[in-house]
Amino acid sequence: MHSVINYEQRGTYGNNKYRGNCSGRVIKDLLLHYLGDSIGKPQKRQASFCEVFAGGGTGLAVAKELGFKNSICNLNHKLSVLDNLWFKLY
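Residues in the sequence shown are numbered consecutively from 149, following my numbering.
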């Protein structure tokens, strides 16, 4: 099996033991590509995104680092590392 992306280090985003967790660098690159400006900073408008598989907390960590607002939820909140937080807007 091959991947279309490859990062030497996965980064420190989220809980890498959470099943299905991807590298925060994937989320970071996508956010900066679609919601960032030409120098890789969030645009001055209040950019936000919604993460529906937030169990590992990866997207939340990336959003905080970049200064994006983030709506998060997890389909199975009992398995979430976000404890009792099922949906919250940051």
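Beta carbons: idealized from backbone N, C-alpha and C, even for Gly.
All values derive from a computational prediction rather than experimental measurement.
Q) From this set, Ala209, Gly159, Val174, Asn169, which residue's C-alpha is nearest Val152's C-alpha? A) Val174
Cut-off 6 Å between Cβ atoms - residues of its own chain near Lys176, not counting five sequence neighbours on either side
Val210
Handout entry: Beta-carbon proximity list for Glu213, same chain, < 7 Å, skipping 5 on both sides
Key = none
Original post:
Helix, strand or coil for Ile153 per DSSP?
Top reply: coil
**Prompt:** Can you find a heavy atom of the ligand HEM that lies under 7 Å from the Cβ of Ile220?
**Reply:** By its list of ligands, the structure shown contains no ligand whatsoever, and the ligand HEM lies outside what it can speak to.
Could you compute how far the alpha carbon of Asn222 sits from the alpha carbon of Tyr161? 17 Å
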